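Trainee:
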Amino acid sequence: MNSEPTETLDSPSREVLEEQKKTLVAEGEAEAAKAEAEAAKERADDAEAEAKQAKQALESARAGKLIRYGVTGGTALTTYFPLHMEQGDEGPRFYSTPGVGAMPYIMFNPAYWTEKPQVNIYCANKYAGPSSIAAAQIAADESAKARAKRRMVRLLEVVVADPGWSPPTSLNIRADRQTLQKIEKLYDELLAISNAVEGTRPKRVRAAKQAEQDAADKATLATKAAAAKDAADELAEDASAALQAADAAGKPAAEKKAAEAKRTAERAAATAKTAKEEAEKAAKAAEVAKVAAEVTVWGEDPPADCECEDPWKKAAKLLAEIDEKLEAKRNGVLRHGDGRRMRGPSPKDRKLLISDPLASALGRLRTESTVEAMLVRAGGLLSPSPNTYDELDGLTLDQLETAKRIAAAKAKGESKVELEVDGEPISYAIDDAEEMLAGSMQSTVVGWYEDLPANCMSRTFGMWVGYPLTFKSTLPVESSPGDLERTRLGVTGVTALGLGITPNAYVSILLGVGFGLANVSGDNDDELVVSFVLGLGGNLDLLTLIRG
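Every letter in the sequence shown is one number past the one before it in full-length UniProt numbering, and letter 511, counting from 1, is 511.
(1) What are the uninterrupted segments assigned as alpha helix (DSSP H) that are 4 or more residues long and contained completely in the region 389-431, given in chain order?
(2) Out of Asp525, Leu543, Gly514, state which residue places its alpha-carbon closest to the alpha-carbon of threonine 79.
(3) With a threshold of 16 other CB atoms inside 10 Å of the CB of phenylalanine 461, please say whether the residue is buried or exposed.
(4) Going by CA-CA distance only, name the one from Ala269, Val445, Gly538 that's closest to isoleucine 509.
(5) Are the CB atoms of arginine 459 and alanine 139 nearer to each other than 8 Å?
(6) On the CB-based measure, 16 or more other CB atoms within 10 Å of its CB, does leucine 83 come out buried or exposed?
(7) Check each candidate in Leu156, Gly74, Gly490, Leu392 and name the one with the smallest Cα separation from arginine 409.
(8) First and last residue of the alpha helix (DSSP H) that includes methionine 457?
(9) With DSSP collapsed to three states, give me the class of methionine 441.
(10) Starting from the Cα of aspartate 431, find the closest Cα among Ala407, Leu452, Lys22 and give me that residue.
(11) Is alanine 454 closer than 8 Å to methionine 152 when the C-beta atoms are compared?
(12) Can the beta-carbon of aspartate 393 be found less than 8 Å from the beta-carbon of valine 445?
(13) Can you look up glycine 466 in the DSSP assignment and give me helix, strand or coil?
(14) On a Cα-Cα basis, can you pick out the residue from Lys41, Cys456, Ala275, Ser531 that is closest to lysine 116?
(15) Taking the C-alpha atoms as reference points, what is the distance between valine 529 and proline 476?
(16) Below 8 Å between beta carbons: does that hold for leucine 543 and valine 160?
(17) What are the boundary residues of the beta strand (DSSP E) that includes tyrosine 122?
(18) Mind checking asparagine 524: buried by the 16 CB within 10 Å criterion, or exposed?
(19) Give every residue of the same chain whose Cβ lies closer than 6 Å to the Cβ of arginine 147, excluding the five residues on either side of it in the sequence, and list them in chain order.
(20) Near phenylalanine 471, what residues of its chain come up, given a Cβ to Cβ distance below 7 Å and the 5 sequence neighbours on each side ignored?
(21) What does the alpha-carbon distance come out to for the pair glutamine 137 and tryptophan 464?
(22) From the DSSP output, in three-state form, read off valine 520 for me.
(23) Tell me valine 533's beta-bridge partners as DSSP assigns them.
(24) Per DSSP, what are the beta-bridge partners of aspartate 541 in this structure?
(25) Pop quiz: threonine 97 and threonine 474 are said to be a contact at Cβ under 8 Å. What is the actual Cβ separation, rounded to whole angstroms?
(26) What residue does the beta strand (DSSP E) around proline 104 start on, and which one ends it?
(27) Assign threonine 492 to one of three DSSP states: helix, strand, or coil.
(28) Rounded to the nearest angstrom, what separates proline 24 and glutamine 442 at their Cα positions?
(29) Grab me the residues of aspartate 141's own chain with a C-beta within less than 8 Å of its C-beta, minus the 5 sequence neighbours each way, in chain order.
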C-alpha cells in the first residue's frame, strides 16, 4: 500500500518560508541602509564641526590678524637715528647717537582696496599659521560663493534686458593644446604666404611691367598687320582690275602690268601673315608673363605645364579652416595652466594680407571687411558686443546659454529647466540650476584663487604715518658760542611717515623719516631734528573693529 507524504499542521508551507525569507532580507537591507545613513550623518556632523571650528578660528583671528580692508593701526617699537650733527671750530664733527621710543601709527595697504574681498581674507592670514589658513580658505570660498550668486542674478537680468548680448569672445575661446597647435600651424602657413608675397613684390612688379610692354607690342604689331592687309587688299583689287582690262583689250602691256600687280599682292599677303604670327607670339608671351607674375609668389619659376594653386585662394581656405576650428571650440575659457593663449596677427601681417596688389586679390577674398573679420577671428580676437558689463568679465558662452534657458523657463512660470551636461539633456529644478550656474561662475567670473602669490605679495606693501613719542638721544649742543658738547636730550616728536612691509598678519616693519624738536642751541629755542626711523609694529585692523 503506497502512502503519499502529507503536510502536518505544525510544518510551514513553502510559500510561508519564502515570505519569511523575503522579510528577513528586507529587514537586513533596512538595517544596512540605516547604518549607512548613520555613518553619513556622522561624516556630515564631523564636516560641520570642522567647518564650525575653522569659522571660530577665523572669528578669533579677526581681532588683530586680519587686514580685511587695508587700514591697520598699532604701536611700534622704534629706533630713531637723528641726522643732526655739528662741526667744531678746531675739532671734528659731533655726531648724534640713536634713540629708542614708541610710536602709534596708522598704515594703509592700497592693494586691499580692490573688488575681491575674498583675496584679502586669504592673503591676510596666509602666514598666520595652519589653522588661520584653513579658516581663511573657508571664509574666502564663502565670500566668493556669495559674490558669484550676485553675479548670477545680474547675468539673468542682462539676458532678459539685452537678449543679443554676448561676452567678448577673446575670453570665451577654449581649445585644447593640440587644436591650438593646429590653428597656429595654419596661421603660420598663412603668414608664410603673406611674407612670400611681400618678398617677391619687386619681381612681380617687373613681370607686370614686362606684361604691359608685351601687350603694347602686341597692339603695335596688330596695327601693322591690319595696315599690311589693307594694302594687300588694295593691290589685289588693282590686279583684278588690270586683268579684266587686259582681257578686254587683249594688249600685252596690260597683261604685264596685271602680272606685276598679282606678284605685289602675294608679297603683301605674306607680310600680313608674318605680322599676324608675330602678334600671336606677343599675345602668348604676355599670357606667360601674367602667369609668372602670379606664380612667383612662391619664389620659383613656373613649369611649362604649371597648374599652380592660386596663393590667395589658398589663403582664403586657410582662414576659413582656422575660423571653423575656432568656432567649434568656443565653449569655455582658457584657464591658467590648461593651455596657451593663441597669438593674434600683428598690424603688419594684417596689412600684408589685405592690401597686397595682386590682381583681383580682394575680389577673391570678397571684401576687405570680410578679410579683416576672418583675420581677427584667426587671432582669437572676435569683436565684442557693443554693450559691456564689467561685472560679468570672464563669463563663458556655456554659462550664457544656461542663463538664457533659466530666464526663459522662469518667464514661462516653469519649475524645471532642461540643461545639457556632457551633451546629454538633463532636467533640473530652477533653484538647482541657478546653484549650478553660480558655482560655475565662481571659478570664472569671480576666480579669486588665480595668481594668489602675486596678489598676496602686493598686499604686503603699504604707507604709514605716525606720531613719535618723546625719546632721548645724545646730540651735539652749543653750550656757548663756538663751544660744542654732546648732551643727552629729549626729542619731542612731531610726526613721522614712510613705507611699511607687512610680512604676516601680526606685525609690520616700518621704514621712514621722523621729525621732532629739541633745544640744541642752548638758547632755550627748540630746533628741528630729523631722524631716520626703523620700527617693528603690531597690526590691529581698525576698520574690522569698527565695522565688525
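Positions of the beta carbon are idealized from the N, C-alpha and C atoms, including for glycine.
These numbers come from a predicted model, not from an experiment.
Mentor: Straight from the coordinates:
(1) 397-411
(2) Gly514
(3) exposed
(4) Gly538
(5) no
(6) exposed
(7) Going by the sequence as given, residue 409 is alanine instead of arginine. Answer by Cα proximity: Leu156.
(8) Counting along the chain, methionine 457 sits inside the alpha helix (DSSP H) bounded by residues 452-458.
(9) Three-state result, methionine 441: helix.
(10) For the residues Ala407, Leu452, Lys22, the minimum Cα distance to aspartate 431 belongs to Ala407.
(11) Alanine 454 is positioned such that its CB atom lies no closer than 8 Å to that of methionine 152.
(12) Taking 8 Å as the Cβ cut-off, aspartate 393 and valine 445 qualify as a contacting pair.
(13) strand
(14) Out of Lys41, Cys456, Ala275, Ser531, Cys456 has the C-alpha closest to the C-alpha of lysine 116.
(15) Whole-angstrom Cα-Cα distance: 11 Å.
(16) no
(17) Counting along the chain, tyrosine 122 falls outside any beta strand (DSSP E), though it belongs to the alpha helix (DSSP H) covering 117-124.
(18) When all chains shown are included, asparagine 524 counts as exposed.
(19) Val446
(20) Tyr80, Gly99, Val100, Gly101, Val491
(21) Each residue's CA atom was taken as its position, placing glutamine 137 and tryptophan 464 some 28 Å apart.
(22) coil
(23) Tyr80, Gly512
(24) Thr72
(25) At roughly 4 Å, the Cβ-Cβ gap stays under 8 Å, so threonine 97 and threonine 474 are in contact.
(26) 99-108
(27) strand
(28) For the record, residue 24 in the displayed sequence is leucine; it is not proline. Their backbone Cα atoms lie some 49 Å apart in a straight line.
(29) Gln118
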